[in-house]
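Novice:
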Amino acid sequence: MSTSLWPAGVSFNNGVLHFSGISATSLAQEFATPAFFMDEEDFCTRALGWDKALHQAFDSHAGNVYYAAKAFICVEVARWIANCGIGIDVCTGGELAVALAGGIDPKKIEVHGNNKSVSEIERAVSVGVGTIVIDSIFEIERVAAAARKLGKTQRVLLRLTPGIQAHTHESIATAHEDVKFGFSIASGAAWNAVLEVQKYPEIELRGFHSHIGSQILNMDSFEIAADRLIGLLGKYRDEFGNQLPELDLGGGYGIAYLPGDVELEASEVLPALFTQVKKVCEKAALNIPTISIEPGRAIVGPTMFTLYEVGTVKDVTLESGKNRRYISIDGGMSDNIRPSLYGAEYTTSLANRSSSAPLIDTRLVGKHCETGDIVIRDIELPSDIAPGDLLAVPATGAYGRSMASNYNHVPRPPVICVKNGKARVILRRETEADLLNLDI
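Quick note: the sequence shown, position 415, residue 423 per my numbering, numbers continuous.
(1) Going by alpha carbons, who is nearest to ALA306 out of LEU252, SER413, GLN223 and PHE282?
(2) Entirely within the region 225-256 and at least 3 residues each: give me those beta strand (DSSP E) ranges in chain order.
(3) Can you confirm whether the region 21-33 touches the region 253-265 when touching is taken to mean that 3 or more C-beta pairs between the two stretches lie within less than 8 Å?
(4) Please report the distance separating the alpha-carbon of VAL401 from that of PHE39.
(5) Report the three-state DSSP secondary structure of HIS417 (helix, strand or coil).
(6) Taking 7 Å as the limit between beta carbons, can you name the residues of its chain near VAL418, skipping five residues before and five after?
(7) Which residues does DSSP pair with ARG167 in a beta bridge?
(8) If I follow the unbroken alpha helix (DSSP H) through LEU62, where does it start and stop?
(9) Which residue marks the beginning of the alpha helix (DSSP H) containing ILE89, and which one marks its end?
(10) Need the endpoints of the alpha helix (DSSP H) that ASP442 sits in, please.
(11) Tell me the DSSP secondary structure of SER449 in three-state form.
(12) Spell out the partners DSSP gives VAL288 in its beta bridges.
(13) In terms of alpha-carbon separation, which member of ILE296, GLU438 and ILE345 lies closest to LYS286?
(14) Am I right that PHE80 and PHE313 are in contact with their C-beta atoms under 8 Å? What's the rounded C-beta distance?
(15) Looking at the unbroken beta strand (DSSP E) that takes in PHE27, where does it start and where does it end?
(16) Checking the sheet assignment: what are the DSSP bridge partners for SER31?
(17) Straight-line CA distance for ASN428 to LEU25?
(18) Skipping 5 residues on each side, what residues in its chain have a beta carbon closer than 7 Å to that of GLU388?
(19) Is HIS175 helix, strand or coil by DSSP?
(20) List the DSSP bridge partners of GLY95.
(21) Measuring only the C-alpha atoms, how far is GLY2 from ALA55?
(22) Do VAL135 and VAL151 have their C-beta atoms closer together than 9 Å?
(23) With DSSP run on the structure shown, which of helix, strand or coil describes VAL308?
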């Protein structure tokens, strides 16, 4: 288990954050705030680490590591993924377009989503994506129609819901029964989908897929999901006389957000997963299928932090008589919606200087016209933090910039890549001109 909150290139010297040797003050002066700062080497190391661990654990049964694009993607990151040789999981036409623009081999692209449009399906089939994950009965016919139109046979997986209550927030738990994703195993919908696919010669069913949720910090749920999917592989073998060759067990591996948190590491997760898969397959007299996984947050989450500038400081007296300090920063829910959406928790550090001032009960808030625009609800910070100071929030690589919005017509922040002591923009800051360009 790892407890690292910061990208590998971050260090603190006399209270000042340095990223690959560049001080936070210098970064803020050159790129302004708020801004996301990303460690390229750390990203690639993590991506390759998951790929290596998958192949070490599953050996000849190792499939693809599909980076989950929804966590964060841009063309430059897609180039890194292509260079690493891993695959990518996309769930919209826009994510597919970015993956292709970054040079990712279409055969290493997996297309997801619970409501793929006909045009998105046709585009995926036409460019030759390796796999489409089918999420509904309607999609079976749509994928078959697209393949027929283009004279192709399309490989697919069926997304299944194994009926697991993963220990995570309701909004990011995806494998229990009452969700919009996939075909339920327990209700029989999964088997009905298997039978429906058999009607279409343009579709090659390769196996099953499940994704049990996000930010999961124990292996129990993954092992139960593997058990239930393999059970359906056995039923298919008994019915049709042959075994489906693939399983995709999804992602959702948790990372550290607060001091003392741990993250699931590939070197621990995948050997444990292999042991479970092997045991269940032996019990069912099945061959071990090819296993693929989809880490997104686990790759990108810890490789990025957000740098803010303090704008105002205000003390508020609560009904209890206790004081709380409100520190307002120049970003907020438009660049990190997760605290408002999920109740996600983060920490922060003073980044431009050291402080020996007493700690004070603090709430870190954004600049938006919403009471719920809270980045960190409760934290103790130095009492001398003042306008102009810099605060850095770690572990914002997953879903920060990806879910960013223009609420209150705030331009979205840039993403700055740092490597070998050099920083460069890979996703520029939006401008007011960008906001106005859509108006007719």
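For each residue, glycine too, the CB sits at the ideal point set by N, CA and C. Computed from a prediction, not measured in an experiment: that's the story for all the values here.
Specialist: Reading off the structure:
(1) For ALA306, the closest C-alpha among the options LEU252, SER413, GLN223 and PHE282 is that of GLN223.
(2) The qualifying runs are 254-256.
(3) Short answer: they don't touch.
(4) Going by the C-alpha atoms only, they are around 17 Å apart.
(5) In this structure, HIS417 counts as helix in the three-state DSSP scheme.
(6) Excluding sequence neighbours, VAL418 sits near SER342.
(7) Its beta-bridge partners are HIS217.
(8) Per DSSP, LEU62 belongs to the alpha helix (DSSP H) from 48-66.
(9) Boundaries of the alpha helix (DSSP H) harbouring ILE89: 83-92, taken from the DSSP string.
(10) Annotation for ASP442: the continuous alpha helix (DSSP H) segment containing it runs 440-444.
(11) In the structure as shown, the chain begins at 9 and stops at 448. Residue 449 is therefore absent and cannot be evaluated.
(12) In DSSP, VAL288 forms no bridge with anything.
(13) LYS286 has its Cα closest to that of ILE296, out of ILE296, GLU438 and ILE345.
(14) About 13 Å; that fails the 8 Å criterion.
(15) Per DSSP, the continuous beta strand (DSSP E) segment holding PHE27 begins and ends at 24-27.
(16) DSSP output for SER31 lists HIS26 as bridge partner(s).
(17) As the crow flies, the alpha-carbon of ASN428 is around 16 Å from that of LEU25.
(18) Answer for GLU388: LEU367, ILE368, ASP369 and THR370, listed in chain order.
(19) Reliability fails at HIS175, whose pLDDT of 47 lies under 50, so the model's placement of it is uncertain and no value is given.
(20) Listed as beta-bridge partners of GLY95 by DSSP are TYR74.
(21) Examination of residue 2 is not possible in this model, given that the chain is present from 9 through 448 alone.
(22) No, the Cβ-Cβ distance between VAL135 and VAL151 is not below 9 Å.
(23) The answer is helix: DSSP assigns VAL308 an H, G or I state.
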